[in-house]
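Using the numbering used here, read the sequence shown as starting at 7 and increasing by one per residue.
C-beta atoms are modelled at their ideal positions from N, C-alpha and C, and glycine is treated no differently.
Owing to the predicted nature of the structure, the values given are computational and were not obtained by experimental measurement.
This report refers to the structure that appears directly beneath it.
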Amino acid sequence: MIEFQQLQKSYAVGDRQVVALHPLDLTIESGEVFGIVGHSGAGKSTLIRLINRLEEPSGGRLLIDGDDVTALDRDGLRVLRRRIGMIFQHFNLLSSRTVAGNVAFPLQLAGTAHERIDARVAELLERVGLSDHAGKYPAQLSGGQKQRVGIARALATGPRFLLCDEATSALDPQTTASVLQLLAQINRELGLTIVLITHEMEVIRRVCDRVGVLDGGRLVETGPVTQVFLHPRHPTTRRFVSEDEYGENGLHRDFDAVAGRILRLTFLGADTYQPLLGRIARETGVDYNILSGRIDRIKDTPYGQLTVALVGGDVAQAQARFAAAGVAVEELRA
Ligand SMILES: Nc1ncnc2c1ncn2[C@@H]1O[C@H](COP(=O)(O)OP(=O)(O)OP(=O)(O)O)[C@@H](O)[C@H]1O
Ligand SMILES: [Mg+2]
7 MIEFQQLQKS YAVGDRQVVA LHPLDLTIES GEVFGIVGHS GAGKSTLIRL INRLEEPSGG
67 RLLIDGDDVT ALDRDGLRVL RRRIGMIFQH FNLLSSRTVA GNVAFPLQLA GTAHERIDAR
127 VAELLERVGL SDHAGKYPAQ LSGGQKQRVG IARALATGPR FLLCDEATSA LDPQTTASVL
187 QLLAQINREL GLTIVLITHE MEVIRRVCDR VGVLDGGRLV ETGPVTQVFL HPRHPTTRRF
247 VSEDEYGENG LHRDFDAVAG RILRLTFLGA DTYQPLLGRI ARETGVDYNI LSGRIDRIKD
307 TPYGQLTVAL VGGDVAQAQA RFAAAGVAVE ELRA
């Protein structure tokens, strides 16, 4: 478990103090994938780098499994960093070492016995699917393969936590998906707690259990991804969600052109597969006009979100029937 207690960070720039993180309280549970989303400059890297003390906090406390990390000395820090692996946007591999040499590096630093290193490296490369590339140099690898080396290296010392700073931001969508899949597998099979930061809501939706939204150095919204993604409250969260849904420019809905009461219906889990819309429309005599819709997944949970205009019949009754069936109903226009 990682606990931020009024943790804060300012940087000295000339004779001014720039606040990167305002005092922040947050608990990340063991075994979860926790995502932090925010725009450039929101304080994401600062937040994640405070966890392994690549940045020194300006105030507050950070507890990891109950230990006060803010109080550690140099030896304590060295031990801590073996418990926390980290991967980076630009991979940070050593170009003069082979794939195997990069993965072996933290083991050599930790003083692992020479005979044990080879077996451990082979096991790690197998886990990330790079067994056939052990002798290659980073320059001979694709971006996705480089990040897999980064992941194997981060796992080398058997950490319980994995920090990911924009780990997929330099990758194309397909490669991003496969790296996220690997992270999810590591979380599942090794039980690692993963903290990842990103500026893309889609990354959060694919792998995270819970999410925090960072805006101007403040955590403006936190919760399960199913909740935050489907029912965003803060304007910044809403913007991130609509970027994932409709692309960067958002959708310009023109409701003036359609008649009726406009509802947004959100189905979660098994409800996604129920023919509710047709049934309720028929039983209440309303006509429906689908204005937009999406069926997708949040991690492993299917969801559907439909914007519909309901016309004629007993519209109020239809709305109540949706709510009674466990569908989240948001009235966009009465
Ligand atoms: N070493 C530093 N010295 C001074 N200011 C800094 C330093 N590092 C970060 N900052 C400032 O702190 C704020 C937060 O920066 P941070 O790098 O944490 O943001 P970020 O969310 O990771 O952004 P990005 O998405 O661009 O990586 C920014 O205003 C940034 O300019
Ligand atoms: Mg950053």
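Integer-rounded CB distance, given that residue j should sit under 8 Å from residue i
i           : j           : result
residue 186 : residue 159 : Contact flag wrong, Cβ pair sits at about 18 Å.
residue 168 : residue 198 : 5 Å
residue 163 : residue 43  : That pair is no contact at about 28 Å.
residue 86  : residue 58  : 7 Å
residue 268 : residue 338 : 4 Å
residue 13  : residue 63  : 5 Å
residue 60  : residue 11  : About 19 Å separates the two Cβ atoms, so there is no contact after all.
residue 341 : residue 274 : No answer is possible for residue 341: it lies beyond the span of the chain, which begins at 7 and ends at 340.
residue 263 : residue 317 : Actually they are not in contact, since the Cβ atoms of residue 263 and residue 317 sit about 13 Å apart, beyond 8 Å.
residue 103 : residue 134 : Going by Cβ atoms, the distance from residue 103 to residue 134 rounds to 16 Å, so no, they are not a contact pair.
residue 84  : residue 74  : Incorrect: roughly 16 Å between the Cβ atoms, too far for contact.
residue 283 : residue 331 : No, residue 283 and residue 331 are not in contact; Cβ-Cβ is about 10 Å, not under 8 Å.
residue 100 : residue 108 : 6 Å
residue 218 : residue 32  : 6 Å
Status (buried if at least 16 other CB within 10 Å, exposed otherwise) for residue i
i           : result
residue 173 : buried
residue 295 : exposed
residue 246 : buried
residue 255 : Residue placement at residue 255 is flagged as unreliable, the pLDDT there being 46, under the threshold of 50; the coordinate-derived value follows with that caveat. It is exposed - the Cβ of residue 255 has fewer than 16 other Cβ atoms within 10 Å.
residue 48  : buried
residue 309 : buried
residue 258 : Model confidence at residue 258 stands at a pLDDT of 49, short of 50, so the residue's coordinates are unreliable and nothing is read from them.
residue 401 : There is simply no residue 401 to check, as the chain begins at 7 and stops at 340 in what is shown.
residue 261 : exposed
residue 171 : buried
residue 325 : buried
residue 336 : exposed
residue 36  : exposed
residue 322 : exposed
residue 65  : exposed
residue 125 : exposed
residue 239 : exposed
residue 51  : buried
residue 289 : exposed
residue 177 : buried
residue 221 : buried
residue 411 : Outside the displayed span of the chain (7 to 340) sits residue 411, for which this structure offers no information.
residue 271 : buried
residue 241 : exposed
residue 19  : exposed
residue 232 : buried
residue 299 : exposed
residue 304 : buried
residue 301 : exposed
residue 208 : buried
residue 24  : exposed
residue 216 : buried
residue 91  : buried
According to DSSP, residues forming a beta bridge with residue i
i           : result
residue 18  : 23
residue 92  : 169
residue 226 : In the DSSP output, where bridge partners are listed per residue, residue 226 has none listed.
residue 70  : 8, 73
residue 221 : 224
residue 335 : 271
residue 40  : 201, 216
residue 33  : 9
residue 65  : 14
Worksheet entry | Length at least 4, wholly inside the stretch 245 to 319: the alpha helix (DSSP H) runs in chain order | 282 to 290
Discussion item. Quick check for students: name the residue ranges of the alpha helix (DSSP H) that lie wholly in the stretch 113 to 143, counting only runs of 4 or more.
Written reply: 120 to 133
Worksheet item: Going along the chain, which residues put their C-beta within less than 6 Å of some heavy atom in ligand 1?
Response: 17, 19, 24, 26, 44, 46, 47, 48, 49, 50, 51, 52, 205
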